[in-house]
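Student: Here's a structure for you.
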Ligand SMILES: N[C@@H](CCC(=O)N[C@@H](CS)C(=O)NCC(=O)O)C(=O)O
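Residue numbers (the UniProt record's numbering): 1 to 205.
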């Protein structure tokens with residue numbers, strides 16, 4: 001059994017569609033950590049960042065959501081959710097995985113903090129996403145090129161990760177629901193693995 005330290009109100013929930021697509025739900029022992037316990041010694045021994053999610057697999061500790069996505073999709077590579085190391089699609093796969101973990105979540109965090117476009121503009125050379133215009137243009141282009149998934153005809157772990165964050169961000173009005181996003185998100189919404197993701201309801205209602 002693997003152990004997933006998590007909280008149901010955290011970004012650890014992005015992992016659940018992946019568990020379902022990989023068919024490994026039964027192999028994950030879920031340990032709920034209350035927010036007030038995350039910075040206590042017991043949990044800091046596991047993840048010194050005091051954050052969730054954190055996966056422990058036979059003594060191997062993997063924190064950082066994108067790392068957990070990448071680790072599990074590679075561990076179960078026969079399930080077809082990660083391109084092999086020598087597959088040319090691996091580049092785009094890693095690009096989207098890191099884009100989502102870095103620039104996209106940084107943008108979402110600054111927007112939640114209500115940092116203005118003017119402040120962002122002043123710091124854009126040092127910000128992972130640059131500025132809003134650049135981030136939107138990158139996302140729009142990626143969504144337009146999705147055919148129908150980000151890597152082509154087959155779904156991969158990164159569609160689940162990017163798809164989840166986009167739906168979440170749109171539901172909370174951090175991102176606009178741009179027309180360019182619709183075909184991709186409608187496709188992701190149809191996956192059985194996404195049926196418990198409540199944020200889709202906010203999108204459609
Ligand atoms: N970079 C980490 C961020 C993890 C993170 O910020 N988790 C939040 C919940 S969404 C958390 O555990 N916060 C508890 C705290 O900081 O006290 C990841 O992507 O996994």
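Beta carbons are placed, not taken as given, at the ideal position from N, Cα and C, and that holds for glycine.
Predicted model only: the values in this text are computed from it and were never measured.
Given a cut-off of 8 Å, decide if residue 46 and residue 5 are closer than it, judged by their beta-carbon atoms.
Tutor: yes
Student: Given that a residue counts as buried once 16 or more other Cβ atoms are within 10 Å of its Cβ, and exposed if not, what is residue 113?
Tutor: By the 10 Å Cβ count, residue 113 comes out exposed.
Student: Give the straight-line distance between the Cα atoms of residue 76 and residue 16, rounded to the nearest whole angstrom.
Tutor: Residue 76 and residue 16: Cα-Cα distance of roughly 15 Å.
Student: Can the beta-carbon of residue 103 be found less than 8 Å from the beta-carbon of residue 156?
Tutor: no
Student: Are residue 200 and residue 162 close, meaning C-beta to C-beta below 8 Å?
Tutor: no
Student: Tell me whether residue 65, by its Cβ, gets closer than 7 Å to a heavy atom of ligand 1.
Tutor: yes
Student: Measuring straight from C-alpha to C-alpha, what distance separates residue 30 and residue 122?
Tutor: 43 Å
Student: To the nearest angstrom, how far is the alpha carbon of residue 189 from that of residue 40?
Tutor: Residue 189 and residue 40: Cα-Cα distance of roughly 37 Å.
Student: What are the partner residues of residue 32, as DSSP defines its beta bridges?
Tutor: Looking at the DSSP output, residue 32 shares a beta bridge with 6.
Student: From the DSSP secondary-structure annotation, give me the bridge partner or partners of residue 55.
Tutor: According to DSSP, residue 55 bridges with 4 and 62.
Student: Sorted by chain position, which residues of the same chain lie with C-beta nearer than 7 Å to residue 108's C-beta, five sequence neighbours on each side aside?
Tutor: 169 and 174
Student: Would you check if the distance between the CB atom of residue 56 and the CB atom of residue 12 is smaller than 8 Å?
Tutor: no
Student: Around the Cβ of residue 36, are there at least 16 other Cβ atoms within 10 angstroms (buried) or fewer (exposed)?
Tutor: Counting Cβ neighbours within 10 Å, residue 36 comes out exposed, since fewer than 16 surround it.
Student: When burial is assigned at 16 or more other CB atoms within 10 Å of the CB, is residue 33 buried or exposed?
Tutor: A residue is called buried when at least 16 other Cβ atoms come within 10 angstroms of its Cβ; residue 33 meets this threshold and is buried.
Student: Flag this pair as yes or no: are the beta carbons of residue 180 and residue 144 separated by less than 8 Å?
Tutor: yes
Student: Taking the runs of the alpha helix (DSSP H) that are 4 residues or longer, which of them lie wholly in the stretch 58-116?
Tutor: If one requires a minimum length of 4 residues, the alpha helix (DSSP H) runs lying completely within the stretch 58-116 are 65-75, 89-99 and 105-112, in chain order.
Student: What's the C-alpha gap between residue 148 and residue 185?
Tutor: Spanning the two alpha carbons is a distance of roughly 10 Å.
Student: Residue 193 and residue 79: beta carbons closer than 8 Å?
Tutor: Not a contact, by the Cβ cut-off of 8 Å.
Student: Determine the burial state of residue 62: buried for a count of at least 16 other Cβ atoms within 10 Å of its Cβ, exposed for fewer.
Tutor: buried
Student: Kindly identify the DSSP beta-bridge partner or partners of residue 152.
Tutor: Residue 152 pairs with 149.
Student: Around the C-beta of residue 2, are 16 or more other C-beta atoms found within 10 angstroms, so that it is buried, or is it exposed?
Tutor: buried
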